[in-house]
Amino acid sequence: MTIGKSCLWLTTRIVVVGLVASLSILAPFLPGVQSMNSANSINIELEKLEMIDLSALGTPNLDLWDPNLDLLNNNGENENENNRTTMYNLTTETVKGVGNINESCRYKLQIDINITNSLTNDILGESNFKGTCSPTDTTGTNPQDDLPWHTPRKNWLEFPDYIYKTTGFNHVSINWNPCGNQPAGYKQPRYDLNFYTVIPQYRTYMLCDTYKIPEVCQYNQTTHQGRSMFTIPRLVNDPNLLANMPLHFQPDPEFPEAFQYEGLIHYNSKEENFPQTVADWELPTFLMSTYDAAVVSWRAMIPQSFLKGKDSAESSQSQFYVFQTMMGLPSEWNMEFERKTGIMSVFLHGTSADGVCGSEFDRVKNEQQYGIVFEDEDEQDDIDIDIDGSKNIENSAPNFN
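Residue numbers (my numbering): 34 to 434.
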């Protein structure tokens, strides 16, 4: 396979399939057209979710980044429970409308992680894919954890159902990338906070034929699942736009890259401050990814160079989306870091996907945070209670119907 042939296939695939993908996204708005979504092609509803192997997604907890690490004693116990910080928090508020604008329900999702150990002990790869980060299989492994340099260190956590229903995000994965990744100036050590709109089990089916280092999807795919990597949500009326993405967000114009379990990467290469070189990347930013013509992730990227050696750091960014049907996507995000606590906080701000606000939101949140404990010793498992009062044993997996 030559790169020239691969690129030609991809270009054709994007143009032809893009039109088909647009129809699937527009389907809910067309009379007489049956609604379609990504899950239809994989039939995830026919699978037993608890039987699906999730190990490829990383470690299924965020213990490595626990914001309370500094409160633990030598026995791993929390010495001061009153000072304990929650790893995530979601709040909502009603924003009054002005003029012809109706009032809206806005959410703020906060993720706190402790990066003290990372800043102090992590062994960094060389920027710009040089030295230990050269794109070959001859650079060995990182002596810190004996993993290949280009392997993201992934820890993830599934959110409670009330967070999914408010934001549209099912789970978050914190990825430490010692070498960074494409494109351009992002090839340097960085933290990625990836927020996924699909369940973890669905991501395990996002597979493809791969090549290169770091490993990416080939352009010539032999399976439906692999070809879905390059099916993108172009609009029929304007193929230059992608649904549920900011203006100018596209795959890389020269070498589009898709990754197993992640999807096809999109970003704005036309942005005025887009970092063409490693030295140009000064502020945190975000990317998005798609699979089978749907947005599957929104990811904040923070270069470690933005934090290292500073007493504090902060940044913010706002965005709007073209033909937005996923109403929970964040319209603004910001991050803060304080060296004295070691905590890096990431905040997502957006419109509540289900419109539940105020006291009603608090009621729903409390219902799902507390479980029922059976008095029978054989049934002393906590069971989450969903909004409709039904028992939810599968951690509130999103409904794709």
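We put the beta carbon where it would ideally sit given N, CA and C, even for glycine.
According to DSSP, residues forming a beta bridge with residue i
{"i": "T332", "result": "The displayed chain sequence assigns Arg, not Thr, to residue 332. Partner(s): N227 and L320."}
{"i": "D145", "result": "S378"}
{"i": "S137", "result": "V128"}
{"i": "C250", "result": "T243"}
{"i": "E347", "result": "E369"}
{"i": "R267", "result": "L275"}
{"i": "Y300", "result": "Q283"}
{"i": "T92", "result": "N188"}
Pair within 8 Å by beta-carbon distance, residue i and residue j
{"i": "D145", "j": "S378", "result": "yes"}
{"i": "T125", "j": "F394", "result": "yes"}
{"i": "A327", "j": "W366", "result": "no"}
{"i": "L142", "j": "T200", "result": "yes"}
{"i": "F162", "j": "C212", "result": "yes"}
{"i": "N150", "j": "P100", "result": "no"}
{"i": "C241", "j": "Q283", "result": "no"}
{"i": "N203", "j": "Y229", "result": "yes"}
{"i": "E221", "j": "S160", "result": "It should be pointed out that residue 221 corresponds to Gln in this sequence rather than to Glu. Yes, the pair counts as a contact, with Cβ atoms nearer than the cut-off."}
{"i": "C166", "j": "G388", "result": "no"}
{"i": "Y300", "j": "P247", "result": "no"}
{"i": "M227", "j": "N208", "result": "Reading off the sequence shown, one finds Asn at residue 227, where the question assumed Met. Contact flag set, yes."}
{"i": "G296", "j": "K187", "result": "no"}
{"i": "Q275", "j": "I265", "result": "The question names Gln, but residue 275 in the sequence shown is Leu. Yes."}
{"i": "K341", "j": "L152", "result": "yes"}
{"i": "V355", "j": "Y195", "result": "no"}
{"i": "G383", "j": "L362", "result": "yes"}
{"i": "A291", "j": "M262", "result": "yes"}
{"i": "N277", "j": "M359", "result": "yes"}
{"i": "S348", "j": "P317", "result": "yes"}
{"i": "W189", "j": "P336", "result": "no"}
{"i": "T237", "j": "D344", "result": "no"}
{"i": "S351", "j": "S364", "result": "yes"}
{"i": "I174", "j": "P181", "result": "First, the amino acid is wrong: residue 174 is Thr here, not Ile. Contact flag set, yes."}
{"i": "G218", "j": "T310", "result": "yes"}
{"i": "W331", "j": "F319", "result": "yes"}
Boundaries of the alpha helix (DSSP H) in which residue i is found, first to last residue
{"i": "G259", "result": "H257 to R260"}
{"i": "L123", "result": "Counting along the chain, L123 falls outside any alpha helix (DSSP H), though it belongs to the beta strand (DSSP E) covering Y121 to V128."}
{"i": "Q234", "result": "P233 to R236"}
As assigned by DSSP and simplified to three states, the class of residue i
{"i": "S338", "result": "helix"}
{"i": "I196", "result": "helix"}
{"i": "A291", "result": "strand"}
{"i": "V355", "result": "strand"}
{"i": "E400", "result": "helix"}
{"i": "A327", "result": "strand"}
{"i": "G388", "result": "coil"}
{"i": "N150", "result": "helix"}
{"i": "I85", "result": "coil"}
{"i": "W98", "result": "helix"}
{"i": "F307", "result": "coil"}
{"i": "E80", "result": "coil"}
{"i": "E315", "result": "coil"}
{"i": "P216", "result": "coil"}
beta-carbon residue i near the ligand HEM non-hydrogen atom, thresh 7 Å
{"i": "P93", "result": "No copy of the ligand HEM appears in this structure; indeed no ligand is present at all."}
Residue-level contact to chain C via CB, residue i, 8 Å cutoff
{"i": "P272", "result": "Considering every chain present, this structure includes no chain C. It has just one protein chain."}
Endpoints, the beta strand (DSSP E) within which residue i is located
{"i": "G383", "result": "I376 to T384"}
{"i": "G361", "result": "Premise fails: G361 is in no beta strand (DSSP E) and is neither H nor E."}
Along the chain, which unbroken stretches of the alpha helix (DSSP H) at least 4 residues long are found entirely within the region 152–212?
194–200
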